[in-house]
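S.K.: So the sequence lines, in the order shown, correspond to chains A and B. Residue numbering for the first sequence is 16 to 227, as defined by the numbering used here. Residue numbering for the second sequence is 985 to 1235, as defined by the numbering used here. Input: one structure, supplied below.
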Amino acid sequence: MLEEIVEYFQKNGGEYLGLLWGHISISVISVTVALIIAVPLGILVYRSKVASVIAERGFGLLRIVPSLAVLIILIPIMGTGVLPSVTALTILAVPPILINTIQAFRGLPPEMLEAADGMGMSRMQSFFKVKLPLAFPLMFAGIRTAVIEVIASATLASYIGAGGLGDLIFTGLSLLRYSLLIIGGGSVALLSLTAGLLLDSVYKHITRYQRA
Amino acid sequence: MTAVEFKNVRKQFKNSAYPALDDVSFGVEEGEFVTILGSSGCGKTTMIKMINRLYEPDSGEIFLFGKNIRDENAVMLRRKIGYVIQQIGLFPHMTIAANIATIPKILKWDKKRIDAETDRMLRLVQLEPEEFKKRYPAQLSGGQQQRIGLARALIADPRVLLLDEPFGAIDAINREILQNELKAIHQKSKRTYLFVTHDIREALKLGTKVIIMNEGKILQYAPPEEIIDAPANEFVANLLKTAELKGSAQA
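Next up, the structure:
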C-alpha cells in the first residue's frame, strides 16, 4: 500500500499538484463570493431584529439541503463544472459568516459607540475605525468555520466535474484503488487542518490586543 | 463670558413618570468647574449629553458661547467638546497613543504635532509616555485607563469638557488622586468643566459651583461653601446630612 502511494506521487506528482490547486482555488473562490454576499448583508440587516432573523433563516434553510443535492439540482440550470460547484459551496459558506457578522455588530459595546459618537466621529469614521475592527474577530471566527466546511465539501465538486482532490477519491472508489482513496481523503483532511491552524494563528494575531 | 446656557430645556423619555429635565434654565461662566449632583435618574447625565447633542431636547434651547448648538452640525460640535464617560470607552484594538490621537487624527493634524501632543498629554495625566504609548488598554489598570480617557478628551484643548461620572468605577484611593489631578489640570487650563457625579463629597470638593438636581429640576446652583452654609431646601439639607454621617464634615 505504502509503495503504491509512493509510486503515485512519483508518476503523477504534477497531476496531484493540479488537483490540490484546483481544490484550493474552488474553495477560495467560494469563500470569497460568500464574503461578498454575507458581510454587506449582515451589516445591512443587523440593526433590525426582524431583518436579521429573515436573512439568517433564509440562508439557514438553504444550508439544510445537502450540498450533493444542491449540486445535482443545479446541473439542469448551470450544467456541470466549476460554476454550479462554487454556487453550492457558496450557499454552504454564507450562513456562518452571515450569522457571525450579525452577532458581531449587535454585540458591539455601547460605551465604545458612545465614545466614538461623543468625540465627533462621522458615521464612516466610527464604522471603519471602531465598529468594523471591533466586530472583526467574531466575523473572522465565522469565516474560519466556512473555510473548513468548504474545503471538506469541495470534495463533492469533483462529482460534477469541477476537479479538485475529490477526483482522486471518486477514481479510487470506481477502480477500488485504496491508495488513491487514502491520498485523496488524507489530502483533504490535511488541507482542512492546515487551513484551520493557519487561520487560528491569524486570529491570535488580530486579537492580540485582548490579552493583557 | 457664558460658556454654556440652558433656556427652558425640557426632555421626557418614554416609560418615565417624570421628565428627565423639567424646564431647566441655567448658565455656566467660562472657566468654572461645575459639578452636577443627584441620584440616578435625576436627569444629570441627560443634561450634559444634551450639550454635545447625544440627546436632543423636546423643547427649549442650549447655547455654547452664545451660539445655539442646533445651528451647528452635531459631529462638528462634538469635536470641539471634550467628553469623558464612566465606562471610559477606550478603543481596545488601538494602542494608548492611537487612542489619545483619535481626535487629532480626525482633525488631520500633522504627525509631528500629534506625537508631541500625545506625549504632553500622557505627562499631564502623570503617565510616562515611553512606558505607555505602545500598550493596549487591556494592559492598564482602571485608574490608568481613565487617565488615558482624560488625555484623549483634553488633547484638542476643548473649551468645554463634559465628564459623566468619570471616577465612578475607580477604587477610592485612585479616585482621590485622580480628583486632585483633575482639579489641578482645570486650574491651569481655565477651561469650562461640567462634571456629573452622585458622590456629594466629590461634588463639593471639585466644583467651583455645584448644581443639585432631583427629578429633572435644579434644586440649588451655588458655590460649595454656600450650599453647605445655606442649603436651599430640605432635600439639599438631607443630602448634606448623609454625607456628614459618613464622616466627611470637611468636604
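Glycine is no exception: its CB is placed at the ideal position from the N, C-alpha and C atoms.
Extract the residue ranges of the alpha helix (DSSP H) inside the stretch 167-225 of chain A, only unbroken runs of 4 or more that lie entirely within it.
M.R.: Within the stretch 167-225 of chain A, the complete alpha helix (DSSP H) runs of at least 4 residues are 181-190, 193-221.
S.K.: CB-CB under 6 Å to A228 (chain A), same chain, minus the five flanking residues each way: which ones, in chain order?
M.R.: Residue 228 (chain A) falls outside the range modelled here, since chain A spans only 16 to 227, and no answer is possible.
S.K.: Do M1197 (chain B) and K995 (chain B) come within 8 Å of each other at the CB atom, strictly closer than that value?
M.R.: No, Cβ-Cβ distance for K995 (chain B) and M1197 (chain B) is not below 8 Å.
S.K.: Scan the stretch 144-155 of chain A for residues whose Cβ lies nearer than 8 Å to a Cβ of chain B and list them as they occur along the chain.
M.R.: Against chain B - using a Cβ distance shorter than 8 Å - the residues of the stretch 144-155 of chain A are K144, V145, P148, L149.
S.K.: From this set, B:G1200, B:I1080, B:I1211, B:V993, which residue's C-alpha is nearest G1191 (chain B)'s C-alpha?
M.R.: The candidate whose alpha carbon is nearest that of G1191 (chain B) is B:I1211.
S.K.: Q1071 (chain B) touches chain A at which residues, Cβ-Cβ below 7 Å?
M.R.: Result: E126.
S.K.: Chain B partners of Q229 (chain A), CB-CB under 9 Å?
M.R.: Since the first residue of chain A shown is 16 and the last is 227, residue 229 (chain A) is not available in this structure.
S.K.: Can you name the residues that DSSP bridges to F990 (chain B)?
M.R.: In the DSSP output, where bridge partners are listed per residue, F990 (chain B) has B:F1010, B:I1046.
S.K.: Please name the residues in the stretch 1080-1094 of chain B whose beta-carbon is closer than 8 Å to at least one beta-carbon of chain A, in chain order.
M.R.: Of all residues in the stretch 1080-1094 of chain B, T1086, I1087, I1090 have a Cβ within less than 8 Å of some Cβ in chain A.
S.K.: Give me the DSSP bridge partner(s) of F1179 (chain B).
M.R.: Looking at the DSSP assignment, F1179 (chain B) forms a beta bridge with B:T1019, B:L1147.
S.K.: Consult DSSP for Y1039 (chain B) and reduce its assignment to one of helix, strand or coil.
M.R.: Note: Y1039 (chain B) maps to coil in three-state DSSP.
S.K.: What does N1036 (chain B) touch in chain A if you count any residue whose Cβ is under 7 Å from its own?
M.R.: Per Cβ cutoff of 7 Å: G133.
S.K.: Would you grab the beta carbon distance between S137 (chain A) and V1059 (chain B) for me? Rounded to a whole angstrom, and I think it's under 8 Å.
M.R.: About 5 Å; that satisfies the 8 Å criterion.
S.K.: What span of residues does the alpha helix (DSSP H) with G1066 (chain B) cover, start to end?
M.R.: Looking at the DSSP string, G1066 (chain B) is not in any alpha helix (DSSP H); the run it does join, the beta strand (DSSP E), is 1065-1069.
S.K.: When DSSP labels each residue in this structure, what does V1194 (chain B) get in the three-state scheme?
M.R.: Residue state, collapsed to three classes: strand.
S.K.: Scan the stretch 53-80 of chain A for residues whose Cβ lies nearer than 7 Å to a Cβ of chain B and list them as they occur along the chain.
M.R.: Here the close residues number zero.
S.K.: Can G97 (chain A) and A156 (chain A) be called in contact, C-beta distance under 8 Å?
M.R.: Note that residue 97 (chain A) is Val in the sequence shown here, rather than Gly. Going by C-beta atoms, V97 (chain A) is not nearer than 8 Å to A156 (chain A).
S.K.: In chain E, which residues lie less than 8 Å from M139 (chain A) when you measure between Cβ atoms?
M.R.: Protein chains in the displayed structure are A and B, and chain E is not among them.
S.K.: Determine, using beta carbons only, whether E22 (chain A) comes closer than 8 Å to chain B.
M.R.: No, E22 (chain A) does not count as interfacial toward chain B.
S.K.: Would you mind working out which of B:I1132, B:G1015, B:A1004 sits nearest M1031 (chain B), comparing C-alpha positions?
M.R.: The shortest C-alpha separation from M1031 (chain B) is found at B:A1004.
S.K.: Rounded to whole angstroms, what's the CA-CA distance from K1205 (chain B) to I52 (chain A)? Just pull it up for me.
M.R.: Looking at the sequence itself, residue 1205 (chain B) is Tyr, so the reference to Lys does not match. Rounded to whole angstroms, Y1205 (chain B) to I52 (chain A) spans 57 Å at the Cα level.
S.K.: Can you tell me which residues form a DSSP beta bridge with Y1205 (chain B)?
M.R.: Note: Y1205 (chain B) sits in a beta bridge opposite B:I1195.
S.K.: Entirely within the stretch 124-167 of chain A and at least 4 residues each: give me those alpha helix (DSSP H) ranges in chain order.
M.R.: Within the stretch 124-167 of chain A, the complete alpha helix (DSSP H) runs of at least 4 residues are 125-133.
S.K.: Taking Cβ to Cβ, would you say Q1171 (chain B) is nearer than 8 Å to E126 (chain A)?
M.R.: Not closer than 8 Å, so no.
S.K.: Using 8 Å as the limit for Cβ to Cβ distance, is E3 (chain A) near chain B?
M.R.: It is not possible to answer for residue 3 (chain A), since the shown part of chain A is limited to 16 through 227.
S.K.: Got a sec: does the ligand PLP put a non-hydrogen atom nearer than 7 Å to the Cβ of R1062 (chain B)?
M.R.: This structure lacks the ligand PLP; in fact it carries no ligand of any kind.
S.K.: Say whether chain B places a C-beta atom closer than 8 Å to the C-beta of A119 (chain A).
M.R.: It does not: the Cβ of A119 (chain A) has no partner Cβ on chain B nearer than 8 Å.
S.K.: Using a Cβ-Cβ distance cut-off of 8 Å, determine whether V1109 (chain B) contacts chain A.
M.R.: Chain A contact via Cβ: absent.
S.K.: Can you give me the C-alpha to C-alpha distance between V1012 (chain B) and D1055 (chain B), rounded to a whole angstrom?
M.R.: Going by the C-alpha atoms only, they are around 20 Å apart.
S.K.: If you draw a straight line from the C-alpha of I20 (chain A) to the C-alpha of S207 (chain A), how long is it?
M.R.: The alpha-carbon atoms of I20 (chain A) and S207 (chain A) are separated by roughly 21 Å.
S.K.: Drop a sphere of 10 angstroms on the beta-carbon of G201 (chain A), count the other beta-carbons inside from all chains shown, and report buried for 16 or more, exposed for fewer.
M.R.: By the neighbour-count rule (16 or more Cβ atoms within 10 Å), G201 (chain A) is not buried but exposed.
S.K.: Pull up the CB-CB distance for I163 (chain A) and G211 (chain A), whole angstroms please, since I reckon it's below 8 Å.
M.R.: The Cβ separation is near 6 Å, so the contact holds.
S.K.: Going by C-alpha to C-alpha distance, which of B:I1065, B:I1139, B:G1073, B:H1077 sits closest to D1178 (chain B)?
M.R.: For the record, residue 1178 (chain B) in the displayed sequence is Leu; it is not Asp. Checked all of B:I1065, B:I1139, B:G1073, B:H1077; the closest Cα to L1178 (chain B) is B:I1065.
S.K.: According to the neighbour-count rule (16 or more other Cβ atoms, all chains shown, within 10 Å of its Cβ), is A1001 (chain B) buried or exposed?
M.R.: So A1001 (chain B) counts as exposed.
S.K.: Which of the three DSSP states is assigned to N999 (chain B) in this structure?
M.R.: DSSP places N999 (chain B) in coil when its eight states are reduced to three.
S.K.: Quick one: using the 10 Å Cβ neighbour count with 16 as the cut-off for buried, is I92 (chain A) buried or exposed?
M.R.: Exposed is the call here.
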